Each structure stands twice: as structure tokens, then as C-alpha cells.
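Novice:
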Amino acid sequence: MLELDHLAVAAETLDEGRESVEHALGVALQPGGQHVKFGTHNLLLGMEEGLYLEVIAVDPGAEALPYPRWFDLDRFEGRPRPRIWICRTDDLDGVVADHPEAGSPVALERGDLRWRMAVPESGVLPYDNSFPAVIQWEGSAHPAARLAPSGCALRRLVITHPEAAALQAALADRLEDERVVFEAGDAAMRYEIDTPHGLRVIE
131 MLELDHLAVA
141 AETLDEGRES
151 VEHALGVALQ
161 PGGQHVKFGT
171 HNLLLGMEEG
181 LYLEVIAVDP
191 GAEALPYPRW
201 FDLDRFEGRP
211 RPRIWICRTD
221 DLDGVVADHP
231 EAGSPVALER
241 GDLRWRMAVP
251 ESGVLPYDNS
261 FPAVIQWEGS
271 AHPAARLAPS
281 GCALRRLVIT
291 HPEAAALQAA
301 LADRLEDERV
311 VFEAGDAAMR
321 YEIDTPHGLR
331 VIE
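When the letters of the sequence shown are read in order and numbered with my numbering, they come out as residues 131 to 333.
1) Can you list, in chain order, the stretches of the beta strand (DSSP E) that have 3 or more residues and sit fully within the stretch 266 to 295?
2) Whose C-beta lies closer than 8 Å to the C-beta of Glu152 among residues of the same chain, with five residues either side of it excluded?
3) With distances taken from CA atoms, which of Phe261, Arg320, His165 is nearest Leu305?
4) Roughly how many angstroms lie between the CA atoms of Ala302 and Glu308, to the nearest whole one?
5) Suppose contacts are defined by Cβ-Cβ distances below 8 Å. Is Arg218 in contact with Ile186 by that definition?
6) For the beta strand (DSSP E) holding Pro235, just list the boundary residues, first then last.
7) I'd like the span of the alpha helix (DSSP H) that includes Asp145, first residue to last.
8) Give me the residue from Ile332, Thr170, Glu293 with the minimum Cα distance to Glu313.
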């Protein structure tokens with residue numbers, strides 16, 4: 131099975147991402163950390179029901195990489211916006227066997243957090259990055275449990291794509307979450323989030 135784990139907003143810089151998300155939601159982001167393997171860093175926001183949101187950007191202090199970054203961040207440009215959704219599983223190898231296009235398992239760490247994630251060699255996930263990144267946490271540590279409550283909760287994750295029906299069908303046997311909605315249209319994502327200030331949208 132797949133369960134929604136967290137949402138990612140990509141930005142050219144963390145400062146731009148922070149300003150955009152904090153303005154949109156009216157709440158403050160919290161410190162994250164660095165991902166040495168892929169030369170990125172992030173900021174985090176704790177959400178209800180064990181979810182969290184991250185703002186992620188290329189770390190300007192990171193060394194040049196001989197391979198593409200995850201989340202297709204090497205090609206990212208423009209305003210901060212929803213980039214990827216991440217689902218957790220207890221059987222990453224099984225998911226990858228069924229969906230080899232999702233990538234190969236890569237061992238990662240940040241501080242004392244350990245996990246494996248399916249990452250395509252190109253850094254580009256199927257369906258123009260609309261297919262979820264799949265993660266398997268190692269041990270019991272999880273970022274959401276360490277984040278201060280923000281009063282925010284996901285109402286809907288809306289994924290639009292010209293092949294939305296095919297994408298939904300590809301995930302139907304593993305993902306059951308009424309908050310995740312697929313709609314036909316140009317490739318894009320929208321996060322509809324209940325906040326202390328009412329419903330806010332990141333798109």
C-alpha cells in the first residue's frame with residue numbers, strides 16, 4: 131500500500147520558497163536540513179494527520195553532482211510551486227518491481243533520519259513528475275513527529291495531467307486517499323490547505 135507522506139514545494143532558493151509559502155498559508159516554516167546525496171536543502175511545516183510540507187531548493191553550497199538531482203530540480207525555474215508528492219510504503223522493493231519507471235531505491239539520510247526512496251536516473255518521475263516519489267522510512271523516526279503543530283491540514287491534493295485517468299489507474303491498486311484528486315488538464319499540482327486563517331491554496 132501507499133500512504134501520503136508529505137508534499138514538496140520547489141523553489142529556486144529557500145528564501146523565495148519561504149516567502150511564497152508563508153505568505154500563502156500565513157504560518158511560519160521551521161528549519162529542515164541538507165540532503166548531501168542530491169545537493170539540496172529544505173524548510174518544513176508540520177501538518178495534521180502525520181503529514182508535513184517541505185520547501186526544497188538546490189543548496190548553493192553543495193558540490194557539483196555527476197548525476198541529476200531528484201525531483202527534477204536541475205531543470206526547475208520560475209516561481210515557487212508544488213513540485214512533487216511523496217508516498218510512503220513498507221515495501222519499496224515491491225512497488226519498484228511493479229512500477230520500475232518510478233526509479234531505483236537510493237539510500238538517503240539527513241541527520242539521524244534514514245530512508246530509501248525510488249529515484250529515476252534522470253531525476254524525472256513518470257507523467258511529467260506527477261507520479262509520486264515513493265519512500266520507505268528506516269526505523270521509527272519521522273520528520274512530522276518532530277515538527278511543532280501549525281494548525282494546518284491538507285484538504286485536497288489536486289493533480290492535473292493530460293493522462294490523469296491513466297495515472298490514477300496506475301496507482302489505484304495501492305493508493306486509497308480521498309484527499310488525492312486527479313483531473314485532466316495541463317500538468318500541474320494544487321495544494322488546498324486548511325489553516326488557522328481559513329482555506330488557503332498553493333499552486
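We put the CB at the ideal spot given by N, CA and C, even for glycine.
Just so we're clear, the structure is a prediction, and the values are computed from it rather than from any experiment.
Specialist: Once the coordinates are examined:
1) 283 to 291
2) Ala158, Leu159
3) Phe261
4) 12 Å
5) no
6) 234 to 240
7) 144 to 155
8) Glu293
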